[in-house]
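Engineer: First residue of the sequence shown: 747, per the numbering used here; consecutive thereafter.
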Amino acid sequence: MKFKIVLILLTLSISVNLFILGKWLLVNQWYDPSADEKVILSEMVQKTIESEDYKRIASKENVIAIDTGMDKNKGGVFPYYFGVSVRTDKQTYIFSCSDELCNEMENGEWTYSIYQDEKPRLPFED
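1. Give, in chain order, every unbroken run of the alpha helix (DSSP H) that is at least 4 residues long and sits entirely within the segment 786 to 867.
2. What is the rounded straight-line gap between the Cα of Trp856 and the Cα of Val830?
3. Going by CA-CA distance only, name the one from Met816, Ser759, Ile760 and Tyr800 that's closest to Val785.
4. Quick check: Val832 and Ile803, are their CB atoms within less than 8 angstroms of each other?
5. Determine the direct distance from the alpha carbon of Met790 to that of Tyr826, and round the result to whole angstroms.
6. Please report the distance separating the alpha-carbon of Glu807 from that of Met851.
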């Protein structure tokens, strides 16, 4: 009886540890930024706001949110796997570095915006 309980606990412990390790290897390492990467992404937001593409978008559309992200699985080298999403009421614009030194940010992609169908989620305005 004691052997079965120890075996069950050992199996459970190994399973939980493998799950945690697998989650870190497959998800967190590739999509969750580290502390240093968070600082880089913050600086990229500032460069995005200063870019000509952003100013042109902000003059035409209502900017609702700015978000950062990274995807090391999409290929490329540093800093090309970082991105800054500018969400407006019409589209979401994805900015990335224009060169290896990331001197400027450029709008390279755009996608659907949830704000076409939904209102902003903060309850400040009625």
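All residues carry an ideal CB built from backbone N, CA and C; glycine is no exception.
Structural biologist: According to the structure data:
1. 798 to 806
2. 11 angstroms
3. Met816
4. yes
5. 12 angstroms
6. 19 angstroms
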